[in-house]
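**Student:** Chains A and B, in that order, are what the protein sequence lines are. Okay, so the first sequence: first residue is 1 according to the numbering used here, each after it adds one. Okay, so the second sequence: first residue is 1001 according to the numbering used here, each after it adds one. Right, I'll just put the structure down here and ask away after.
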Amino acid sequence: SQQGEEDPQALSIQEGENATMNCSYKTSINNLQWYRQNSGRGLVHLILIRSNEREKHSGRLRVTLDTSKKSSSLLITASRAADTASYFCATDAGAGTALIFGKGTTLSVSS
Amino acid sequence: IAGITQAPTSQILAAGRRMTLRCTQDMRHNAMYWYRQDLGLGLRLIHYSNTAGTTGKGEVPDGYSVSRANTDDFPLTLASAVPSQTSVYFCANSGTDPFQPQHFGDGTRLSIL
């Protein structure tokens, strides 16, 4: 069963705009991670936020975590065509190293 | 740096045949995982191994088996393939620290006819 659920399922924006993706989960977590998947490739880790953190930045990425609402958001600022990919959140469900992935958000950035 | 190597990259297989998907790492990470990715269902964990010599079942283990004879290799076997096992299979690894990210191979696209 899915622990994390991303929203929206698909998002289309223009280059330069910001893209926001949301993730909701069901049980308590140790950490939440965001991954990116380009078409035909494996997932690539983007950023990890621990349960005691509220916000984290990495380049053009900003991740927030609200454990009271069991939700997280991934913001990509000033998007580029190269950001076109699927984005997944993953949680450990408090069970150690076994991650549970959501179904993903497909982002399309047009130039 | 190769990271994780999966083979084959794609395969078409007749139902009932036995198939082993290979996964090799050069990162010396203790934990390794097998996922399947299906449209609309995301990634689902099949089996995992926290260290050489141990394995565990994930969310969808039926019809699959794994072994972990050493740190670097984690093969996934379909003993008798069925069409519902048509999917893209990803191998991943991580350190055993719960705050370690996972690293993925580029997948094996498997079609069972």
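Virtual Cβ for every residue (Gly too), placed ideally from N, Cα, C.
1. Between A/Ala-10 and the rest of its own chain, which residues show a CB-CB distance below 6 Å, the 5 nearest in sequence each way excluded?
2. Please name the residue in B/Thr-1051, B/Leu-1078, B/Ala-1002, B/Gly-1053 whose C-alpha comes closest to that of B/Pro-1061.
3. Given a cut-off of 8 Å on the beta-carbon distance, is the pair B/Tyr-1020 and B/Gly-1105 in contact?
4. Under a Cβ-count criterion, where at least 16 other Cβ atoms within 10 Å of its own Cβ denotes burial, should A/Ala-86 be classed as buried or exposed?
5. Where do the ends of the beta strand (DSSP E) carrying B/Asn-1093 lie?
6. Could you tell me whether any non-hydrogen atom of the ligand FMN is closer than 7 Å to the CB of B/Gln-1102?
7. In angstroms, rounded to a whole number, what distance separates the CA positions of A/Ser-79 and B/Thr-1108?
8. List the residues of chain B whose Cβ lies closer than 7 Å to the Cβ of A/Gln-33, in chain order.
9. Return no unless some Cβ of chain B is closer than 8 Å to the Cβ of A/Ala-98.
10. Give me the Cβ distance between A/Ile-49 and A/Leu-65, rounded to the nearest whole Å; I'm assuming they're in contact under 8 Å.
11. For A/Gln-14, I'd like the list of residues in its chain whose CB is within less than 7 Å of its CB, leaving aside the five on either flank, ordered along the chain.
12. Helix, strand or coil for A/Ser-1 per DSSP?
13. Out of B/Gly-1040, B/Arg-1068, B/Pro-1101, B/Ile-1112, which has the shortest C-alpha to C-alpha gap to B/Ser-1080?
14. What is the DSSP secondary structure of B/Ala-1079, reduced to helix, strand or coil?
15. Can you give me the C-alpha to C-alpha distance between B/Gly-1058 and A/Ile-47, rounded to a whole angstrom?
16. Identify the continuous beta strand (DSSP E) that holds A/Leu-107 and give its terminal residues.
17. So is A/Asn-18 buried or exposed if we call it buried at 16+ other beta carbons inside 10 Å?
18. Hey, is B/Asp-1106's beta-carbon within less than 8 Å of any beta-carbon in chain A?
19. Could you tell me if A/Val-63 is buried or exposed, where buried requires 16 or more neighbouring beta carbons within 10 angstroms of its beta carbon?
20. Would you kindly work out how many angstroms separate the C-alpha atoms of A/Asn-38 and B/Ala-1069, rounded to a whole number?
21. Could you please give the first and the last residue of the uninterrupted beta strand (DSSP E) stretch that includes A/Ser-24?
22. So for A/Asp-83, helix, strand or coil by DSSP?
23. Are any of the Cβ atoms in chain C nearer than 8 Å to that of B/Phe-1074?
**Tutor:** Considering the structure as presented:
1. Thr-106, listed in sequence order.
2. When each option's Cα is compared against that of B/Pro-1061, the closest is B/Leu-1078.
3. It is Thr, not Tyr, that sits at residue 1020 of chain B in the sequence shown. Not in contact: B/Thr-1020 and B/Gly-1105 (Cβ atoms no closer than 8 Å).
4. It should be pointed out that residue 86 of chain A corresponds to Ser in this sequence rather than to Ala. Counting the other CB atoms within 10 Å of its CB gives A/Ser-86 a total of 16 or more, which places it among the buried residues.
5. Note, B/Asn-1093: beta strand (DSSP E), 1087 to 1094.
6. Among the ligands in the structure shown, none appear at all, so the ligand FMN cannot be discussed.
7. So the two alpha carbons sit approximately 30 Å from each other.
8. Those within 7 Å of A/Gln-33 in chain B are Pro-1101.
9. Yes, contact with chain B.
10. By a beta-carbon distance limit of 8 Å, A/Ile-49 contacts A/Leu-65. Their separation comes to about 5 Å.
11. Only Ser-110 meet the Cβ criterion.
12. Low confidence applies to A/Ser-1: its pLDDT is 47, below 50, so where it sits in the model is not reliable, and the reading given next is rough at best. Residue state, collapsed to three classes: coil.
13. When the alpha-carbon of B/Ser-1080 is set against those of B/Gly-1040, B/Arg-1068, B/Pro-1101, B/Ile-1112, the nearest one is in B/Ile-1112.
14. Coil, per DSSP.
15. In this structure, the CA atom of B/Gly-1058 is about 24 Å from the CA atom of A/Ile-47.
16. From DSSP, the beta strand (DSSP E) with A/Leu-107 extends over 105 to 110.
17. Exposed.
18. By this cut-off, B/Asp-1106 is an interface position.
19. Taking every protein chain shown into account, the CB of A/Val-63 has 16 or more other CB atoms within 10 angstroms, so this residue is buried.
20. If I take the Cα positions, the gap works out to 32 Å.
21. A/Ser-24 -> beta strand (DSSP E) spans 19 to 25.
22. If DSSP states are grouped into helix, strand and coil, A/Asp-83 belongs with the helices.
23. This model lacks chain C altogether; the protein chains it does include are A and B.
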